[in-house]
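Contents: one structure, followed by commentary.
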Amino acid sequence: MSAGYDVTVYEARNRVGGRVISFDDFVPHKHVEGGGELIGSNHATWVAYKDRFKLEFLDVTEDKDHEAPIVLNGQKLSSEESDKLWEEMTAALNMMNKEAAAVGDPFQPWKTRDAEVLDRRTLSSWIQTLNVSPLCKTGIDTQMIANNGMRTEWQSWLGNLAMVKGGGLEKFWTDSEVYRCAGGNQSLAKKLLAAWARIACSCGRRCAASISRIAIASRSRSPPVRPSRPTMSSSRCRRRSGTRSASSRRCAWNWRRRWARTSNT
Ligand SMILES: Cc1cc2nc3c(=O)[nH]c(=O)nc-3n(C[C@H](O)[C@H](O)[C@H](O)COP(=O)(O)OP(=O)(O)OC[C@H]3O[C@@H](n4cnc5c(N)ncnc54)[C@H](O)[C@@H]3O)c2cc1C
15 MSAGYDVTVY EARNRVGGRV ISFDDFVPHK HVEGGGELIG SNHATWVAYK
65 DRFKLEFLDV TEDKDHEAPI VLNGQKLSSE ESDKLWEEMT AALNMMNKEA
115 AAVGDPFQPW KTRDAEVLDR RTLSSWIQTL NVSPLCKTGI DTQMIANNGM
165 RTEWQSWLGN LAMVKGGGLE KFWTDSEVYR CAGGNQSLAK KLLAAWARIA
215 CSCGRRCAAS ISRIAIASRS RSPPVRPSRP TMSSSRCRRR SGTRSASSRR
265 CAWNWRRRWA RTSNT
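Number 177 in the numbering used here belongs to position 163 of the sequence shown; there are no gaps in the numbering.
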């Protein structure tokens, strides 16, 4: 929008954040993430927004006094076995980096040489080629299912290479899960919404005209098929509309014009 584009945001849920949702009513004085939780120092956009909106990151720390148990194939590993497995898995996963480096633009992996062949290959088939212990193969398989939310037989090798390249090759494995957002990750979506609303209307205030451009589903109606009457409102704008000042009339007019235009699309 700051580049001059005309933007309308459609959201099928009755809240912003998508797969990120932060609860403040689970544990007193704490935020609990119900979706995306860990932030990477290699997540450039997130880091830039953190600075812009003055959000705070908390380091993810490890409790050295407590073991993080690993259970594979129904067996709990001893702490020595776990350490050995992590070492073997780390070395094996880093082997992906060399092939990932060949991906030109991780945001357009289909432009990579032999993209179709690489895309048809599965992550599972790569794991099978590794010269590592069977336990290590199971560990990698389990980790990548958990990371990507899908069986490795269904994961594209090219997709994984693009993911690793985009995360900075070896940095993908070390820097991707190092922060949490104080106040919950959903704070970013809320800050974006507030900032968007401020600049959406030429009057420069959070008024009906800007809010009408954000179509968020109400509890009783989902999903929206087009922007409809605003489901969010600002008491300041309502107050302003009540007095019918010049700016509120302009806002109301803009709102009707935009609503009519988007309702016809
Ligand atoms: C349990 C869980 C844990 C995770 N942990 C991490 C983590 O630790 N670190 C990390 O980086 N990532 C994590 N992720 C992944 C991360 O949450 C997602 O990658 C990220 O939220 C994707 O953002 P997005 O905006 O692309 O999509 P989404 O967050 O999915 O947002 C898409 C939005 O579009 C809306 N929408 C969809 N279709 C329509 C339609 N037709 N009309 C209107 N609106 C529509 C949806 O309602 C949704 O709000 C996790 C995800 C989950 C579920």
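Glycine residues also receive a C-beta, built at the ideal position from the N, C-alpha and C atoms.
From a predicted model like this one, the values you see are computed outputs, not experimental measurements.
* For D73, three-class secondary structure by DSSP -> If you number the sequence shown from 1, residue 73 lands on position 59. Strand.
* **Residue span of the alpha helix (DSSP H) that contains R66, given as start and end** => The residue labelled residue 66 in the question sits at position 52 within the sequence shown. Where R66 is concerned, the enclosing alpha helix (DSSP H) stretches over A58 to R66.
* CB contact flag (L202, F40, <8 Å) -> Working through the sequence shown from its first residue, we reach residue 202 at position 188. Working through the sequence shown from its first residue, we reach residue 40 at position 26. Contact: no.
* Measure the CB-CB distance between H45 and F37 and report whether it falls below 8 Å. => Counted from its first residue, the sequence shown places residue 45 at position 31. Counted from its first residue, the sequence shown places residue 37 at position 23. Going by C-beta atoms, H45 is nearer than 8 Å to F37.
* Through-space distance from E95 to M110, alpha-carbon basis -> For this step, residue 110 is matched to residue 96 along the sequence shown. For this step, residue 95 is matched to residue 81 along the sequence shown. M110 and E95 have their C-alpha atoms roughly 23 Å apart.
* To do: Can you tell me which of the three DSSP states S201 falls into?
  => Translated into the one-based positions of the sequence shown, residue 201 becomes position 187. Here S201 sits in helix by DSSP.
* **Pocket of ligand 1 (residues with CB nearer than 6 Å to any heavy atom), chain order** => Matched residues: Y24, E25, A26, R27, G32, R33, V34, G49, G50, E51, L52 and P237.
* Asked: Would Q169 pass as a contact of V34 if the rule is Cβ separation under 8 Å?
  -> Here the question's residue 169 lines up with position 155 in the sequence shown. Here the question's residue 34 lines up with position 20 in the sequence shown. Their beta carbons are not under 8 Å apart, which means Q169 does not touch V34 by this criterion.
* May I ask which residues mark the beginning and end of the beta strand (DSSP E) holding S165? => Reading the sequence shown from its first residue, position 151 is the one you call residue 165. A small fix is needed here, since residue 165 is Arg in this sequence, not Ser. Careful: R165 lies outside any beta strand (DSSP E) and carries neither H nor E.
* **Buried or exposed by the 16-neighbour rule on C-beta atoms within 10 Å, applied to H57** => As a position in the sequence shown, residue 57 is number 43, starting the count at 1. Result: buried.
* Asked: When the Cα of E81 is compared with those of T104, F186, N87 and L91, which residue comes out closest?
  -> On the sequence shown, position 67 is the one that residue 81 refers to. For the residues T104, F186, N87 and L91, the minimum Cα distance to E81 belongs to L91.
* Asked: Can you find at least 3 beta carbon pairs, one from the region 129–146 and one from the region 182–202, that sit closer than 8 Å?
  -> no
* Asked: Quick one: what's C195 bridged to in DSSP?
  -> The count along the sequence shown starts at 1 and reaches residue 195 at position 181. F71, per the DSSP bridge assignment.
* Residue environment, L99, which counts as buried when at least 16 other CB atoms sit within 10 Å -> Position 85 of the sequence shown, counted from the start, is the residue given in the question as residue 99. When all chains shown are included, L99 counts as buried.
* Asked: Thinking C-alpha only, which one of D20, N28, I154 and A17 is nearest L86?
  -> As a first step, residue 86 is located in the sequence shown; it is residue number 72 there, counting from the start. Closest by alpha carbon: I154.
* **Distance between beta carbons of G88 and E191, contact taken as under 8 Å** => For the purposes of this step, residue 191 is taken as residue 177 along the sequence shown, with counting starting at 1. For the purposes of this step, residue 88 is taken as residue 74 along the sequence shown, with counting starting at 1. That belief does not hold up - the Cβ atoms of E191 and G88 are roughly 26 Å apart, past 8 Å.
* Asked: So E94 is in the beta strand (DSSP E); what residue range does that whole segment cover?
  -> Within the sequence shown, residue 94 is the residue found at index 80, counting from 1. From DSSP, E94 is part of no beta strand (DSSP E) but of the alpha helix (DSSP H) over S93 to A114.
* To do: Using three-state DSSP, classify V85 as helix, strand or coil.
  => Indexing the sequence shown from 1 puts residue 85 at position 71. Here V85 sits in strand by DSSP.
* Asked: Taking the continuous alpha helix (DSSP H) assigned at V178, which residues delimit it?
  -> Position 164 of the sequence shown, counting from 1, holds the residue named residue 178. Run containing V178: W171 to G180, per the alpha helix (DSSP H) assignment.
* Could you give the distance in angstroms between the alpha-carbon of A129 and the alpha-carbon of L172? -> Position 115 of the sequence shown, counted from the start, is the residue given in the question as residue 129. Position 158 of the sequence shown, counted from the start, is the residue given in the question as residue 172. Answer to the nearest angstrom: the Cα atoms are 7 Å apart.
* Asked: Given T156, which residues of its chain have a CB within under 8 Å of its CB, disregarding the five upstream and five downstream residues?
  -> Translated into positions along the sequence shown, residue 156 becomes position 142. L86, listed in sequence order.
* Asked: Between which two residues does the beta strand (DSSP E) harbouring V23 extend?
  -> Along the sequence shown, read from residue 1 onward, the residue named residue 23 stands at position 9. Counting along the chain, the beta strand (DSSP E) containing V23 begins and ends at V23 to E25.
* Asked: Who are A229's beta bridge partners in DSSP?
  -> To locate residue 229, count along the sequence shown from 1; it is residue 215. In the DSSP assignment, A229 is bridged to Y24.
* Asked: By DSSP, does E184 sit in helix, in strand, or in coil?
  -> Counting from 1 along the sequence shown, the entry for residue 184 is found at position 170. Three-state result, E184: helix.
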